[in-house]
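Chemist: Going by full-length UniProt numbering, the first residue of the sequence shown is number 1, and it counts up by one from there. Every residue gets a Cβ at the ideal spot worked out from N, C-alpha and C, and that includes glycine.
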Amino acid sequence: MYWEDPPKDREAAVRTLAMPKDTNGLGDIFGGWIMSHADVAGAILAYRRAAGRVVTVAVNDVKFLRPVFVGDVVSFYCDVAKVGNSSITVEITIFSERNDGGVARHVRVATASITYVHIDLDGRPRPVPQGEDQKRPRKDPDGRPS
Numbered sequence: 001m002y003w004e005d006p007p008k009d010r011e012a013a014v015r016t017l018a019m020p021k022d023t024n025g026l027g028d029i030f031g032g033w034i035m036s037h038a039d040v041a042g043a044i045l046a047y048r049r050a051a052g053r054v055v056t057v058a059v060n061d062v063k064f065l066r067p068v069f070v071g072d073v074v075s076f077y078c079d080v081a082k083v084g085n086s087s088i089t090v091e092i093t094i095f096s097e098r099n100d101g102g103v104a105r106h107v108r109v110a111t112a113s114i115t116y117v118h119i120d121l122d123g124r125p126r127p128v129p130q131g132e133d134q135k136r137p138r139k140d141p142d143g144r145p146s
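(1) ALA51 to THR23, Cα distance in whole Å?
(2) Taking just the CA atoms, how far does GLY131 sit from ARG48?
(3) Find out if the Cβ-Cβ distance for the pair PRO6, ALA13 is shorter than 9 Å.
(4) Suppose the cutoff is 7 Å on Cβ atoms and the five residues either side in sequence are ignored; what does the same chain contact list for ASP28 look like?
(5) Could you check what DSSP says for GLU132 in three-state terms: helix, strand or coil?
(6) Are residue 147 and VAL59 closer than 9 Å when you measure CB to CB?
(7) For VAL80, which residues from the same chain have a beta carbon less than 7 Å from its beta carbon, with the 5 sequence-adjacent residues on both sides left out?
(8) Pick helix, strand or coil for ALA43, following the three-state DSSP scheme.
(9) Compute the Euclidean distance between the alpha carbons of ASP100 and VAL57, then round it to the nearest angstrom.
(10) Between the alpha carbons of ARG98 and PHE76, how many angstroms are there, rounded?
(11) How would you write the range of the beta strand (DSSP E) that VAL70 sits in, first residue to last?
(12) Quick check on ARG98: does DSSP put it in helix, strand or coil?
(13) Count the other CB atoms, across all protein chains shown, that sit within 10 Å of the CB of GLY25; report buried if there are 16 or more and exposed otherwise.
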C-alpha cells in the first residue's frame, strides 16, 4: 500500500467520514462526493484569505489517485497557491485515514486546484486584500518550490 503522512504544517480544512450512501455503483466512494468536499474545503480557506464572500469560478484540476472506501476518515488539506486581483487559487490535497490492523494509516487519494473570486454583496468581483502569501514562492502539494 502507499502509506504517507499528511501535511504537518497545516490543519485539515474539512474532515469527514465516508459513508455507504456516498458510494458509486462499484462500492467505492463517488468522485463527485470528493470534489464537493474539496470545493467546500478550498472555499473555507479562500473565504478566510479574502476576509469575505467568495464563489467558485474554476476547477482547474482534479486527480483521483487512489480509491476512498466506506469507513475512511477523509481529510482535505488546503494551501493558497496564488492570489490575483480578485481571485484566489487553492491547492487541495486529500488523504484517507484507514485502520490497518489497529494502526491508523494515511494514503493520499486525490489532489485538486480550485479558483475562487472574492465578491461584494451584489455579486461583483472585488479586490482581495494584500497579504504575505503574495510575496512567498509558490509550492507544489509536496511542499517543493514550483
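Modeler: Inspection of the coordinates gives the following:
(1) 35 Å
(2) 12 Å
(3) no
(4) PRO67, VAL68, PHE69
(5) helix
(6) Lying before the first or after the last residue shown, residue 147 is absent from the chain, which here runs from 1 to 146.
(7) LEU45, ARG49, ILE88, VAL90, ASP133
(8) Assignment of ALA43 by DSSP, reduced to helix, strand and coil, places it in the helix class.
(9) 39 Å
(10) 15 Å
(11) Run containing VAL70: none; DSSP gives neither H nor E here.
(12) strand
(13) exposed
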